[in-house]
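This report refers to the structure that appears directly beneath it.
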Amino acid sequence: MIFAAIDIGSNAVRLLFSHVHEQKGKAIFKKGELIRLPIRLGDDSFTKKEISPEKAEKLVTAMRGFSEIIKVFDVISMKACATSAMRDASNGAEIIARIKKESGINVEIIDGKTEAATIFSNHVEELMDPKQAYLYIDVGGGSTELTLISNRKVLASKSFNIGTIRILCDKVEKEEWEHFKTWIKKNTAGVQPLTAIGSGGNINKLYKMSGKKENKHLSYDKVKDMYDMLNSYTYDERVTVLGLNPDRADVIIPATKIFLTTMKHADIEKVLVPQIGLSDGIIHLLYEEHIAKKKK
Numbered sequence: 008m009i010f011a012a013i014d015i016g017s018n019a020v021r022l023l024f025s026h027v028h029e030q031k032g033k034a035i036f037k038k039g040e041l042i043r044l045p046i047r048l049g050d051d052s053f054t055k056k057e058i059s060p061e062k063a064e065k066l067v068t069a070m071r072g073f074s075e076i077i078k079v080f081d082v083i084s085m086k087a088c089a090t091s092a093m094r095d096a097s098n099g100a101e102i103i104a105r106i107k108k109e110s111g112i113n114v115e116i117i118d119g120k121t122e123a124a125t126i127f128s129n130h131v132e133e134l135m136d137p138k139q140a141y142l143y144i145d146v147g148g149g150s151t152e153l154t155l156i157s158n159r160k161v162l163a164s165k166s167f168n169i170g171t172i173r174i175l176c177d178k179v180e181k182e183e184w185e186h187f188k189t190w191i192k193k194n195t196a197g198v199q200p201l202t203a204i205g206s207g208g209n210i211n212k213l214y215k216m217s218g219k220k221e222n223k224h225l226s227y228d229k230v231k232d233m234y235d236m237l238n239s240y241t242y243d244e245r246v247t248v249l250g251l252n253p254d255r256a257d258v259i260i261p262a263t264k265i266f267l268t269t270m271k272h273a274d275i276e277k278v279l280v281p282q283i284g285l286s287d288g289i290i291h292l293l294y295e296e297h298i299a300k301k302k303k
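Right, dumping it as structure tokens:
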């Protein structure tokens, strides 16, 4: 079975195909093709509060293309979600209507709480030691979602308007940073020891750059060393010397800062990196919906 997920983010738009195999009553998820387009809707949304005609045209064109590609794969079902940039854009609903008309794709603009819940649908609890507590950190272009988990149950969850594109555009209020730090300290107090679980393209890239092959975690000190290393290069050098994509070479700095800030205030020594994100969560929800329909 093949399922498709579209994630319209503040930095990039992604189309993910995932193959699901059922073995002995258990679903095995295997990532297939991924198409990622760095349209950067957040550049407009966070500074002008609307998506420009140029970026809207790119997005609609991308969705028309995605629609045709999805037909080739004969997917069981698909779902498209838009996050922070489209939430903030005054013309978001207008663009969604145009996408539906020109591509046939229904796009749902989801709030921060739904975004966090969808990301958590990746069943990361299967990676957890039930005797330990975890802070799930998802860093995107427009927002950061935090989910505190203990005994495989969610204790608290919060979405903050702190993201890589917002930071680059200097659109994160000082009060939001303070609220962010206060929430972390308040909710993690007494919930120790804590391990972080990180998701999003930037932490995945940091993990790959670290050269780690096993254990799938990075220590706070390792993340700090990588942050200092990345900061020692200019933007151009991050592209030419380190080989980062142009749309990754700038956002990876504020993303790493968000992870370090979170880990510091929650007194976390290591972050697990399962290399999953919103699109993977959408795939899991689609599969669960498919199974529920079969049982009716």
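Here the numbering used here runs 7 ahead of the position in the sequence shown, where the first position is 1.
Quick reminder that beta carbons are idealized off the backbone N, C-alpha and C, glycines included.
Everything numeric in this text was worked out from a predicted model, so none of it was measured.
Endpoints, the alpha helix (DSSP H) within which residue i is located
i    : result
M85  : Where M85 is concerned, there is no enclosing alpha helix (DSSP H), although the beta strand (DSSP E) it sits in stretches over 84-89.
A69  : 60-80
T3   : The question about residue 3 has no answer, for the chain in this structure spans 8 to 303.
K229 : 227-238
M270 : 259-272
G284 : Where G284 is concerned, there is no enclosing alpha helix (DSSP H), given that its DSSP letter is neither H nor E.
S52  : 49-55
K107 : 99-110
K303 : Segment: none, K303 is in no alpha helix (DSSP H) and carries neither H nor E.
K219 : Unbroken run through K219: none, as it is neither H nor E.
I241 : The displayed chain sequence assigns Thr, not Ile, to residue 241. Counting along the chain, T241 falls outside any alpha helix (DSSP H), and DSSP gives it neither H nor E.
Nearest candidate by alpha-carbon position, reference residue i, set the options
i    : options                : result
E76  : L23, D145, K193, M135  : The question names Glu, but residue 76 is Ile in the sequence shown. I76 has its Cα closest to that of L23, out of L23, D145, K193, M135.
V280 : H291, H272, D274, F266 : F266
E115 : G288, A262, C88        : C88
F53  : T195, N168, T189       : N168
P45  : A96, D177, A19, E182   : A19
E152 : N158, R159, A163       : A163
T90  : S84, G119, A104        : G119
Q252 : M216, K178, S157       : Note on residue identity: the sequence assigns Asn, not Gln, to residue 252. Measuring from the Cα of N252, the nearest candidate turns out to be M216.
L41  : A34, H28, I9, R47      : I9
D145 : A299, V278, H291       : V278
I172 : D95, M70, S25          : D95
P261 : V230, K138, E61        : V230
L292 : T263, L66, A100, T121  : T121
A63  : K31, D243, S97         : S97
L201 : S128, G218, K303, L142 : L142
Q282 : K38, A92, R159         : K38
I58  : G72, I102, Y214        : I102
D254 : H297, G208, Y214       : G208
A140 : I112, V198, M270       : V198
M236 : A256, N129, K223       : A256
G111 : L155, T125, Y227, M85  : M85
D228 : L48, T263, V82         : T263
M233 : T247, A92, V246, Y214  : Y214
A196 : A124, A69, I275, S128  : I275
N158 : M135, K303, R21        : M135
R43  : R21, A104, D50, S25    : R21
I210 : F73, G284, K33, Q30    : G284
T154 : V246, N113, T269       : T269
K160 : S128, M93, I83         : S128
K55  : E29, E185, M93         : M93
Beta-ladder partner(s) of residue i, from DSSP
i    : result
A92  : Bridge partners of A92: none, in fact.
Q30  : K33
L249 : DSSP, once it has assigned bridges, lists no residue as partnering L249.
K277 : S226
D14  : R21, C88
A140 : S157, L201
D145 : E152, S206
L44  : V20
I9   : H26
K38  : S25
Nearest-angstrom beta carbon gap, residue j and residue i [assumed within contact, 8 Å]
i    : j    : result
A12  : S206 : Not confirmed; about 14 Å, so no contact.
I204 : V131 : 6 Å
S272 : K212 : As written in the sequence, residue 272 is His, which differs from the Ser given in the question. Not confirmed; about 23 Å, so no contact.
G16  : G148 : 6 Å
V67  : I106 : 6 Å
G250 : T125 : Contact doesn't hold; Cβ gap of about 31 Å is too wide.
Y294 : V27  : 5 Å
S25  : I290 : 4 Å
N-terminal and C-terminal residue of the beta strand (DSSP E) that residue i is part of
i    : result
E115 : 114-116
What are the complete beta strand (DSSP E) segments, minimum 3 residues, inside the segment 156-216? 160-167, 201-206
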